[in-house]
Amino acid sequence: MAERSFQHEIGLLRLGEGETFRGEGILAVTKALLQSGVTYVGGYQGAPVSHLMDVLIDAEDLLAELGVHVEAATNEAGAAALLAASLAYPVRGAVTWKSVVGTNVASDALSNLASPGVIGGALIIIGEDYGDGASVIQERSHAFAMKSSLWLLDPRPHLPSIVHMVEQGFELSEASNTPVMVELRIKACHVTGSFQTKANRAGAKLQAPAAFDYGRLSHPPSTFAHEVAKVESRLPAARAFIREHKLNEVFPGSRSDVGIIVQGGLYNSLMRALAKLGLADALGNSQIPIYCLNVTWPLVPEEVAEFCAGKNAVLMVEEGTPEYLEQSLSLMMRQADIQTRLHGKDCLPQAGEYTADVLVAGLARFLESGPGRQLAADTEARARTAATLLDAPLPGRPPGFCTGCPERPVFSALKLAQQEIGQTHVAADIGCHSFGTLPPFSMGNSILGFGMSLASAAAISSVTGKRPVAVMGDGGFWHNGIISGVAGSLFNKGDGVLVILQNGYTSATGQQFMPSTLAEGHRNETPMDIEKTLKVMGVKWLRTVRSYSVATMRETLKEAIRGAGKGLRVIIADGECQLARQRRVKAEDAARLKAGERVIRVRYGVDDDICSGDHACIRLSGCPSLTIKPNPDPLRDDPVASVIPSCVGCGLCGEVAHAAALCPSFWRAEVIQNPTRFDLWLDGLRRRVIGWMQGRARA
Amino acid sequence: MSPISRPLCLVVAAMGGEGGGVLTDWIVEAANASGLAVQSTSVPGVAQRTGATTYYVEIFPTPLAELGGAEPILALSPSLGEVDLIVATELMEAARSVTRGWSDPERTHLIASTHRVHAVAEKMEMGDGRYDEEQLQAAIVAGTGGRLLFDMEQAAKSAGCIVNAVLLGAVAGSGLLPIAPETFEEQIVAGGKAVESNLRGFRLGLQAARGDIPAPSAVSHKRPHPPVAGAEILMERLAFLPAGARAVAEEGAKRLVAYQDARYGRLYVERLDALAAITGDEAVLARVAKHLAVRMSFEDVIQVARLKTDPARLDRIRAEVAARPGQPVVVRDFLKPGLEEVCALLPGFVARPILAAAHRGGWAGKAAWGRQINANGIFGFATMRLLAGLKPWRRHSHRFVQEQAGIEDWLAAVGSAARLSPALGVEVAECARLIKGYGGTWTRGMSNFQRIRDAVIAPAATGIWPLAFALDAVANARAAALADPEGKGLERTLAAIREKAAA
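Note that the protein sequences, when read in sequence, are chains B and U. First residue of the first sequence? That's 3 in the numbering used here, and the numbers climb one at a time after it. First residue of the second sequence? That's 67 in the numbering used here, and the numbers climb one at a time after it.
Right, here's the structure in full:
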C-alpha cells in the first residue's frame, strides 16, 4: 500500500492476449514480469521504481490468482536475498530497488547469489537514479555487473523494447545460469507508451524441497569452481544467447566510414541529436550505422568486430564515469586487431547526463563537422543569452517539507535550541527529513546513506568535544539504523543524541508501510514499536515527544545535548505523516459532515495589521501554506506573512510563535460545522456581549 | 531517409501538488485520441508537494495512420530552443523555463498563470525578498514568440477547480496542437474527477486563448485607515506639504489619532512642519511622513489589544477561513509578551532598574508570559478590551518616552542629511524601516538601527564624507542589516565602510 489506490494500474496488469497496454515504463515492466510467469517478486521502495512494488502490493487478488508471492523487503539486501529461491529451484522471480544506492546495500547478497548462479530466471529491476532529477550520488550500477558477473540489460526507452527485454532477460538468465539486471533510467521509468500484451502466466507449481548440494553454496571450495564456471561456461552461454536472439540491435546507415555504439537507454537522445545534425529523420532512419546495446554487459566480441571492422572510426556513447564500455571495446578491438579508431569520452563529457544537446556537441567533435560545431556553439550561446534575460538568478525551488509535515517542527525546535546553546554537529540522513538541509533550516554536516546518521556521528564527539545530533527517520531506522546506528552506539558505549522522526511510513518514496506502521488493516497483529525496541536494546535515556510541541522539543533537545553523563540519548519525535493523515481525515470528515455530525475545521492565520513583515516565523518554518502577501497597511511596504487556504491546521505556527516569543499576529480559528444547539447559543451570547463591549468602546 | 517533420515539443512546468501530472495526462490522452504518436515523461522525484516539477511531452503532428507502419522516435527531454509550447502554472516557473534556454524567441509560445507562489528564499527575507515581477514578465516576453498570460489562479478559484484545468483550456484554445478543443474537453469528462468544476475552468482558459482574457483584479491590496473623529482638522493643516507627501501624511494623521489621540496627531503634524521648514523636497517629506507615522504608532501591548478587538477583525477572519453564515468560529490568539514588552508599559523609573537587572542577569530575552486567549470568548475579549483601554496611560510609559527620544534623534539626522542633499535625506529616512516588530525582532532592529546611526548616519549627516560615498554607505548598511538575522552581513559592511572612509 502506498500513497494512493492503484485500481487503474491493476486493471492494466490484468490485460490478456493481444490487448493494448498504455501507461508508464515501470508499470510495463511489472506487466512483463507477470507475462513471464514469475513465482515471486520483491523489492525495496525508492524513486523511480517504487511504483512496481506499490502496484503489486495493492494487487493482492490478481497475485493470488497467479500464485505470485510478493515480499516488501525491509531493505535491498533482504530483497536480493529473496532471489535465493531461483538459486535452488527452477522458478522465476524478480526484485527491484533504486540504484546505485540500493545495489550498494544489496551487494553482499548479490555476490553470494552470483557465485553459485541460478537455475530459475532471476531478474533485478534497477531504477538508475542518474542525471536530471536524481536524488542520490552519481555512480554507475554497471560496476556491480562487471565485478559479480551479472548481466546488465539497458533497453531502449520504448515500451515494446522494455517488455521484450524483460521477457528475454528471464530466458538469458536461465540459459546462462546468471542473475540479470535490467537498468531503467528515471525518465524511462516514467515514459509513457503502449505495447501489445500477452496473457499472464501463473507461477511455478509447488516443488519438493531441494536436495543438499554443497556445490550450490557460496562457500569454499565451491566458490573456486563458481569462479571458473562464470568465465568458462556462463559467459559464453550468455554471449551465444544474446547473439542468437539478437538482443542488441544494428540499425544500418548509408555511411560506411563511421559508426556509433550506444547504450540502449540513450538511443532516443542519440536519434534526436542525429536528427538535429541532419543525419537522421524523425522515424529512426540514420545515415550513420548504429549498434544499439540493449545488453551492456557482457559485450559480444563477434558483434563488436562485425560492427567495427572496416570503419575508420566508431563513437561509444556511454553515460557516466568511468567509461567501462569504452575500455572493454578498446581491449576487444586490440585483441581482434581491428584498426578502427575508437572515440568516446574524448568527444563527450566525462560526467553528467547525455541529453540530445550534449550529444550534438559530442557528435560534431567525433565527425569533425563544421556545421555540427556551429550548431553546438549556437546552442551554447542560446543558453548563455537566455540566462542573461534576468539580472539576478532565480531562487531555486527544491522539494521541501509538505504543508503540516510533522518533521518541520523538529527542525524549528533544533534551530531554536541552537540559538540558545550554540552550534551542534548535525548528522543528516536519507528521507523527507533531509529537507532540513535546505533553507530556512540549512542543517546537516553529512549524509552517509540510508539509516547511517547515528553511525556517521560516532566519532564526532571526540572531534568537537560536544555531543552530536543524528537525525533519522523511522524508515531509516528499520532499514539499517537500528543495527549500524543504535546497536553500534550501545555496544561501543557511544555518546550522542539520536532524533528519530516517527511518522509511520517511508514517506519520501510515497508513504509505503514499514515495520512500525500502524495503519488500519495493516499488520495490526504484529506492530513493531520503536520505543519498545529501543528499551529492549538497552537505551536508558529515551523520550517520546509529540513532534509539533516545539517548546517541549526544544527543551528536550537542550537537555539531551547538554545533559551530564555519557551514553546514547534518543528522542522519538512522534507525528504521523501529514499526507497520509490528511487523506484519511478528509474522507472521515466528509462522511461525518454528510451525516450531519459536528465537525471542527482548524485554520491558522495572521492579523495583517499586526504582522510587521520581518518573517521570523517563516525562517522557523518554511511551510508552503505560510507565505507572504502585499502589505495592506497604506504606510508600510514590506510584505506581511499570510496563511493560505491549503493550511491543514497542524499547529506549528502557534507553537513557533509561542516557543520563540515571536509576535502576537498569529491566530487559530476553529470553524464549527454542523454546530449543536449549545454551540449556537454560546456563539449568540458571545456576540451579544462582545457587541455590547465594542459599542461601549466606540461611545 | 524520409523528409518527415519534427515532433511538437511541450514543457509543462509546475510545482508539486498543482496537478501538472494530470494536465500532462490529459494532453497525452487527447493526442492519443486524435491518432497521433505521443510520449510524455517526467522527473517527479520525491513525493513532496512543493518542489518544481517538469513534465515533457512530444507529439508527432503527422497521424500514425499516415506513417506507413513506422513509428517516430521521441525524445525524453527538451532540447534548448526547440520547445514549441511551454505551459507553466506560475510566473516564476514560466520565467525559469525561458531562462533555462528551452524557449526560442520565434518558435516558442508560452501559456502561464501570472500569479506568484513565492519560493522559501523569497519568503524568509527580513524585508522584501520578492523577485521583481516586471523582470520576470520582461524575460518571458523577450524569450518567447507568443504568449498567453493572465491570472489563472484567480480564474481557477472562480471556477472552483485548480489551475491545471484552466491551462488545459488555454492549450486547447491556442490552436498550436493538431488536436480539436473538444478532444481535450473529452479527457476531463473521461477522467471522471471533479468534472463540472474542471469543465468550468477549462472554458475560462479556452475563452482566454480566444481573446477573452479576464481583467486583472482592480482592487488595491491597501486598506486606507478609516475616518476617525479629530483627524479632519489635522488633515486640513497639512497644506504645507507637497501633494505626494500630503496624501501620505493624511493617512498618518488618521492613524495616530486612532492610535493615541488628537494631541498625538498634532505632534505628528508639527514634526512634519518642522522638517518642511528645512526642506521642501517632496521625496524626503513623503518618506518621512510615512516612516514617522509608523514609528510613532510603535507596536506595544496596548496597540495589539486595540487591533485584536477591532470590530472589523472578526469579519476578516470569517472571510479568510471561509466560514459560512451560521457556523460559529472560535478564534484563539497566541500572545507572549516578553519582559521588555511588559516593562514598556511601566513608568520609566520602575522599568529602567528592572530592565537593567534583567540585562545584567542575561534573562531579558528569556522571560516571557505565554498565553492563549480566546479572542471572541467573553473573558478573552474583555481582557483585551481592558488592555486596549490603557491607551491614555501610554503617554506615561517607559516605551513612549524612549520612542519619542529615538524619533527626535532620527528626525534631526534626516534634517541634517536633507540639508546636504535631499537624496541623502531620503536614505536616512528610509533607515527607519529597520525598526519594526516585537520581542527579539524589535530588539534586533533597534540595535541594528543604532549601530548604523552611530557608524554611518552620524558621519554622513555631518557632511565629512563625499556625497556619493555617503549615499552608498547608508543604503548598503541598511541592505546589510536586512540580509541575515545574525547580523554578520551588517558587521562586514560596517567594517568595509570604516575601512573605505579611513582610506
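Idealized CB from N, CA, C, for every residue including glycine.
Helix, strand or coil at Y122 (chain U) according to DSSP, with G and I counted as helix:
Taking the second sequence and counting its residues from 1, the one referred to as residue 122 (chain U) is at position 56. DSSP places Y122 (chain U) in the strand class (E or B) of the three-state scheme.
Can you list, in chain order, the residues of the stretch 437-448 of chain U whose Cβ is nearer than 8 Å to any Cβ on chain B?
Hits within the stretch, in order: Q438, A441, N442, G443, I444, F447, A448.
Could you please give the first and the last residue of the uninterrupted alpha helix (DSSP H) stretch that includes Y330 (chain U)?
Start at 1 with the first residue of the second sequence, and residue 330 (chain U) comes out as number 264. First-last of the alpha helix (DSSP H) with Y330 (chain U): 328-344.
Quick one: using the 10 Å Cβ neighbour count with 16 as the cut-off for buried, is P411 (chain B) buried or exposed?
Looking up residue 411 (chain B) in the first sequence gives position 409. Buried is the call here.
Just the C-alpha distance for A567 (chain U) and V314 (chain U), rounded to the nearest angstrom, thanks.
The count along the second sequence starts at 1 and reaches residue 567 (chain U) at position 501. The count along the second sequence starts at 1 and reaches residue 314 (chain U) at position 248. Annotation: A567 (chain U) to V314 (chain U) spans about 36 Å, alpha carbon to alpha carbon.
Proximity below 8 Å, CB of A539 (chain U) to CB of I501 (chain U):
As a position in the second sequence, residue 539 (chain U) is number 473, starting the count at 1. As a position in the second sequence, residue 501 (chain U) is number 435, starting the count at 1. With contacts defined by Cβ atoms closer than 8 Å, A539 (chain U) and I501 (chain U) do not form a contacting pair.
Could you check where the alpha helix (DSSP H) with C655 (chain B) kicks off and where it finishes?
Position 653 of the first sequence holds residue 655 (chain B). It spans 654-661 - the alpha helix (DSSP H) in which C655 (chain B) sits, taken as one unbroken run.
What three-state label does DSSP hand T528 (chain U) in the structure shown?
Counted from its first residue, the second sequence places residue 528 (chain U) at position 462. It is helical.
For the beta strand (DSSP E) containing F413 (chain B), name the first residue and the last one.
Along the first sequence, read from residue 1 onward, the residue named residue 413 (chain B) stands at position 411. No beta strand (DSSP E) holds F413 (chain B); the alpha helix (DSSP H) holding it covers 410-423.
Taking 8 Å as the CB-CB limit, is T507 (chain U) close to chain B?
Within the second sequence, numbered from 1, the residue matching residue 507 (chain U) stands at position 441. Yes, T507 (chain U) lies at the interface with chain B (some Cβ there is under 8 Å from its Cβ).
With 16 as the cutoff for other CB atoms within 10 Å, does G697 (chain B) come out buried or exposed?
The count along the first sequence starts at 1 and reaches residue 697 (chain B) at position 695. The residue in question, G697 (chain B), is exposed, as its Cβ has fewer than 16 Cβ neighbours within 10 Å.
CA nearest to the CA of S29 (chain U), picked from U:A441, U:I473, U:V416:
For residue 29 (chain U) there is no data in the structure shown, the boundaries of chain U being 67 and 569.
Three Cβ pairs or more, each shorter than 8 Å: is that satisfied between the stretch 388-403 of chain U and the stretch 536-551 of chain U?
Between the stretch 388-403 of chain U and the stretch 536-551 of chain U there are fewer than three inter-stretch CB-CB distances shorter than 8 Å, so the stretches are not counted as touching.
Measure the CB-CB distance between L85 (chain B) and L54 (chain B) and report whether it falls below 8 Å.
Numbered from 1 along the first sequence, position 83 holds the residue referred to as residue 85 (chain B). Numbered from 1 along the first sequence, position 52 holds the residue referred to as residue 54 (chain B). No Cβ-Cβ contact shorter than 8 Å links L85 (chain B) with L54 (chain B).
V673 (chain B) touches chain U at which residues, Cβ-Cβ below 9 Å?
Translated into the one-based positions of the first sequence, residue 673 (chain B) becomes position 671. Within chain U, the residues whose beta carbon sits less than 9 Å from that of V673 (chain B) are R384, V387, A388, A389, R390, Q393, P394, V395, V396, listed in sequence order.
CB-CB under 7 Å to N314 (chain B), same chain, minus the five flanking residues each way: which ones, in chain order?
Sequence index remark: in the first sequence, residue 314 (chain B) carries index 312 (1-based). Counting only Cβ-Cβ distances below 7 Å, and skipping sequence neighbours, we find D259, V260, T342, R343.
For the beta strand (DSSP E) containing V138 (chain B), list its first residue and its last residue.
As a first step, residue 138 (chain B) is located in the first sequence; it is residue number 136 there, counting from the start. Run containing V138 (chain B): none; DSSP gives neither H nor E here.
Quickly, what does DSSP pair G44 (chain B) with across the bridge? List them, please.
Position 42 of the first sequence, counting from 1, holds the residue named residue 44 (chain B). Answer is B:E73, B:V97, bridged to G44 (chain B).
Taking F306 (chain U) as part of the alpha helix (DSSP H), name the residues at either end of that continuous run.
For the purposes of this step, residue 306 (chain U) is taken as the residue at position 240 of the second sequence. Unbroken run through F306 (chain U): none, as it is neither H nor E.
For H660 (chain B), which residues in chain U fall below 7 Å Cβ to Cβ?
Your numbering for residue 660 (chain B) matches position 658 in the first sequence. Chain U residues near H660 (chain B): F400, K402, G436.
Contact list for the stretch 276-308 of chain U against chain B, Cβ threshold 8 Å
Within the stretch 276-308 of chain U, the qualifying residues are H287, K288, R289, P290, H291.
Under a CB-based cut-off of 8 Å, is P244 (chain U) close to chain B?
On the second sequence, position 178 is the one that residue 244 (chain U) refers to. Judged by the 8 Å Cβ criterion, P244 (chain U) is not in contact with chain B.
Roughly how many whole angstroms lie between the Cα atoms of L215 (chain U) and T180 (chain U)?
Stepping through the second sequence from its first residue, residue 215 (chain U) is reached at position 149. Stepping through the second sequence from its first residue, residue 180 (chain U) is reached at position 114. Rounded to whole angstroms, the separation of the alpha carbons of T180 (chain U) and L215 (chain U) is 6 Å.
Check this for me: beta carbons of D431 (chain B) and G496 (chain B), under 8 Å apart or not?
In the first sequence, counting from the first residue as 1, residue 431 (chain B) sits at position 429. In the first sequence, counting from the first residue as 1, residue 496 (chain B) sits at position 494. No; because the gap between Cβ atoms is not below 8 Å, this pair is not in contact.
Can you name, in chain order, every residue of its own chain whose Cβ lies under 7 Å from the Cβ of D339 (chain U), other than the five neighbours on each side?
Working through the second sequence from its first residue, we reach residue 339 (chain U) at position 273. Taken in chain order, the residues that qualify are F306.
Within chain B, partners of L142 (chain U) - CB distance below 8 Å:
As a first step, residue 142 (chain U) is located in the second sequence; it is residue number 76 there, counting from the start. Here the neighbours are P159, K189, A190, V193, N270, S271.
Check whether the Cβ atoms of A204 (chain B) and G13 (chain B) lie closer than 8 Å to each other.
Here residue 204 (chain B) refers to the residue found at position 202 of the first sequence. Here residue 13 (chain B) refers to the residue found at position 11 of the first sequence. No.
Under the three-state reduction of DSSP, which class applies to S486 (chain B): helix, strand or coil?
Within the first sequence, numbered from 1, the residue matching residue 486 (chain B) stands at position 484. In this structure, S486 (chain B) counts as helix in the three-state DSSP scheme.
Nearest-angstrom Cβ-Cβ length linking G1 (chain B) and P641 (chain B), presumed shorter than 8 Å
With chain B covering only 3 through 701, there is no way to say anything about residue 1 (chain B).
Alpha carbon to alpha carbon, how far is K402 (chain U) from M454 (chain B)?
Here residue 402 (chain U) refers to the residue found at position 336 when the second sequence is read from its first residue. Here residue 454 (chain B) refers to the residue found at position 452 when the first sequence is read from its first residue. Computed Cα separation, rounded: 40 Å.
Within chain U, partners of W299 (chain B) - CB distance below 9 Å
To locate residue 299 (chain B), count along the first sequence from 1; it is residue 297. In chain order: nothing, as chain U lies at least about 23 Å away.
Contact list for the stretch 199-233 of chain U against chain B, Cβ threshold 8 Å
The residues in question are Q201, L202, A204, A205, A208, G209.
Name the chain B residues whose beta carbon is nearer than 7 Å to that of G193 (chain U)?
Position 127 of the second sequence holds residue 193 (chain U). For G193 (chain U), the chain B residues whose Cβ falls inside 7 Å of its Cβ are D640, in order along the chain.
Within this structure, are the beta carbons of A75 (chain B) and A81 (chain B) separated by less than 8 Å?
Mapped onto the first sequence, residue 75 (chain B) falls at position 73. Mapped onto the first sequence, residue 81 (chain B) falls at position 79. Going by beta carbons, A75 (chain B) and A81 (chain B) fall inside the 8 Å limit.
Limits of the unbroken alpha helix (DSSP H) element including W153 (chain B):
Residue 153 (chain B) sits at position 151 when you count from the first residue of the first sequence. Secondary structure note for W153 (chain B): it is in no alpha helix (DSSP H), and the uninterrupted beta strand (DSSP E) holding it is 153-155.
Does the beta-carbon distance from L174 (chain B) to S150 (chain B) come in below 8 Å?
For the purposes of this step, residue 174 (chain B) is identified with residue 172 of the first sequence, where counting begins at 1. For the purposes of this step, residue 150 (chain B) is identified with residue 148 of the first sequence, where counting begins at 1. Not in contact: L174 (chain B) and S150 (chain B) (Cβ atoms no closer than 8 Å).
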